[in-house]
Amino acid sequence: MPELGVVQYFHLGDYDAAERALDALSQLPIKQLRTSISWCDWLREGGEEWYRWLLPKLTSRISVLPCVLYTPPHLGLLPKTSSPPRDPQAYGQFVEAVLREHLERFPYVELWNEPNNYIEWDWTVDPEWTIFAEMIAGAASRAAKLGVKTVLGGMSPFDPNWLDLMFTRGALEHVDVIGVHGFPGTWEAVWEGWDAHVARVREVIGRRGGAQRIWVTEAGYSTWANNEFGQLTTMDELIHAPAERVYWYSLEDLAPERETLDGFHCDERAYHFGLRRNGGEAKLLGRVLAARGVPGVREMVRFSSPRGAPARGSVLITGGAGFIGTNLADRLARDGTPVTILDSLARPGVEQNLRWLKRKHGRLVRVEVGDVRDTFALRRAIKSCERVFHLAAQVAVTTSLEDPRADLGVNIQGTINVLEEARRLTDPPAVVFTSTNKVYGRLDRLELRRRGERYEPVDELIRSRGIAERQALEFCSPYGCSKGAADQYVLDYAHSYGLPTCVFRMSCIYGPHQQGTEDQGWVAHFVLSALRDDPITVFGDGHQVRDLLYVEDLVDALLAASTNRPALTGRAFNMGGGVANATSVSEVIEMIGTLHGEQPKTMGAAWRVADQRYFVSDTSAFGALTGWKPRVPLASGLRALYEWLAGEHEQQRPLLVAAATQ
């Protein structure tokens, strides 16, 4: 297996980006970094100062392959960075000067980048490649005299005739490594694989009597179409390439305010090659590498790649690797129903839910890693399915406030994609959509009073039965808006197109397989905080009330909804534990303390945007049509969740202790 490196370019003076990159690299199993030294930038104001800070900073933490490129416009035959220099030896002189200053830092230096790519080297000014060959030969000779090995800038696209010409022109006498690039599925529409790609390079080297080694100096996959699994499979192919070293492009997405060499957003693909998004959030590949290393990439690819089309009569669960989806898939598979899970694995930790399902149910559970914003992934997954549970969503109010565009894309566009793919089938499946009680807004006009440790409605009917579906919709927060719009689209597709759909406006669901974070899965988060002896943050006064529904009861309701088409089509139902399972935040903390043997530590914080003081579901409408009602009382359900999380916590504790002692 080749040694793995990563590519990250730094713009002049972007000190924060360099520090951020080094911090990110410290979390990855990567010991090689390829970056650029711009000849042009070096001669600009502040250029030398920048590189004299950057290069020692990088090389103090990681092994660096510098790629020296870009002609200063005033030294070029044409006034642009891709121009051949008027004096071919000037490039070698610059390379030598850099190496002399940083001789102990660089065992290798790369000479130019993608020379047969017009935007990197304007070969129309050098049609016989004589200037380029002289430039490379001179620079390689100077590097060799200093004891530094050289890498020929990677070809893109690969051209064996061009490489043969470089031998003829005498450019490669002192070159130690031939670089190649490849971007299957992004820039390369036709791709035969790395074996074939590298074999052509070896054939030219062998025929010309060369001894150069081969590195893949740039390879990657753009996630511009939200296909993060495609990035994972491309990496899996790369790390099995027949090369000594490979570099993944890139560590972080290009900042949206930056121009590429092609221009400003002329091609959106160029902005989405990173293991991490521009804000620093890891994509699927980045998370797998950080958590399970290079072997985890192959494991995830094998584990997640579906074999064949979904079985006829199967059930599709979008977001099926999440908390609710895992419990639903488990129930269906236990009953012998084939399940297809479509999940982007965007939420850290859900991969372990999939591993659990696959270990338990094998081929009954088919996994398609994909995003509901990716129409074609959805089309593959929905084929032959008789029922669809659309659970995939961006589910946190806080996240929606940070990135409302992404929230809109997942919750609204993703939902329309599900509806459209269901509608195009000859026999459309029933679609059950999980919405949220947040579509009712803050409920500011609901008059409340304080009784003990909780709020309660002044209205006796609401106090005794909960909030019914006749409550006016009032979207609040980007999350409430996106889920509310999706909610209405699902209902309208029943009215406009006759699609058998229904909506659950859900309150608080809890139970096993819940990851538990502050802004989603708060009950599990409270339990985990107690187990870890971390303080629980209580937003507001702690007297806000929710009705808690155990996940097995929700699964019963989802299955009932999917098999009662005529009565439920085109309707929305409030879904929660009801008045019998209503409790306040403070009371939940007290119950957890009883289970744990000591009361958890707490700390206060201000109310959050769109927080409701009171929400308890009136589920009587759904119960009257299906006979459903919650079976698991709050005390029993909370104990079951506590015991499950305690078991998971004990399994992880040896790993945490080991990490702490290293």
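In our numbering, each residue's number is its place in the sequence shown (first place is 1) plus 6. Ideal placement from N, C-alpha and C gives every residue a C-beta, glycine not left out.
- When the five nearest sequence neighbours on each side are left out, the beta carbons in the same chain lying within less than 8 Å of the beta carbon of Ser89 are those of Thr77, Pro79, Gly82, Leu83, Asp128, Val131, in order along the chain.
- In this structure the segment 64-75 lies against the segment 24-44, because at least three pairs of beta carbons, one per stretch, are closer than 8 Å.
- Beta-bridge pairing by DSSP links Ser390 to no other residue.
- Annotation for Val551: no alpha helix (DSSP H) segment contains it, though the beta strand (DSSP E) segment containing it runs 551-556.
- The way I'd put it, the segment 384-393 doesn't touch the segment 446-461; fewer than three beta-carbon pairs between them come closer than 8 Å.
- DSSP, read as helix, strand or coil, puts His278 in coil.
- Under the 8 Å Cβ criterion, the segment 179-189 counts as touching the segment 156-166, having at least three qualifying pairs.
- Between Gly144 and Tyr114, the gap from beta carbon to beta carbon reaches 9 Å or more.
- A direct Cα-to-Cα measurement between His367 and Ala335 gives close to 10 Å.
- Counted as a single uninterrupted DSSP element, the beta strand (DSSP E) harbouring Ile43 occupies residues 38-44.
- In the DSSP assignment, Gly610 falls within the beta strand (DSSP E) that extends over 608-611.
- Under DSSP, Met161 forms a beta bridge with Val186.
- Residue pairing by DSSP places Gly548 opposite no residue, since no beta bridge is assigned to it.
- The continuous stretches of alpha helix (DSSP H) do not include Ile323, which lies in the beta strand (DSSP E) extending over residues 320-324.
- With a 10 Å radius around the Cβ and a threshold of 16 neighbouring Cβ atoms, Ala492 comes out buried.
- In this structure, Ala436 sits away from Ser320, with a CB-CB distance that is not shorter than 9 Å.
- DSSP places Ser626 inside the alpha helix (DSSP H), whose first and last residues are 626-632.
- Inclusion of Thr589 and Arg552 in the CB contact set at 9 Å is warranted, their separation being smaller than that value.
- Taken in chain order, the whole beta strand (DSSP E) runs of length 3 or more contained in the segment 320-358 are 320-324, 345-349.
- For Arg219, the uninterrupted beta strand (DSSP E) run begins and ends at 219-225, by DSSP.
- The continuous alpha helix (DSSP H) containing Met597 extends over residues 591-602.
- A straight line joining the alpha-carbon of Val533 with that of Leu574 spans about 36 Å.
- Ranked by how close their Cα comes to the Cα of Ile418, the residues Leu431, Thr440, Thr404 have Thr440 in first place.
- With contacts defined as CB atoms closer than 9 Å, Thr608 and Gly548 qualify as a contacting pair.
- Boundaries of the beta strand (DSSP E) around Pro463: 460-463.
- In this structure, DSSP gives Lys366 a helical state, which the three-state scheme calls helix.
- Residue pairing by DSSP places Met7 in no beta bridge whatsoever.
- Partner residues in a beta bridge of Cys482, as assigned by DSSP, do not exist.
- According to the DSSP assignment, Pro72 belongs to the beta strand (DSSP E) that extends over 69-75.
- Judged by DSSP in its simplified three-state form, Arg304 adopts helix.
- The Cβ neighbour count for Ser228, taken over all protein chains shown within 10 Å, is at least 16; the residue is labelled buried.
- Considering only Ala150, Gly269, Ala139, the residue with the shortest C-alpha distance to Glu102 is Ala150.
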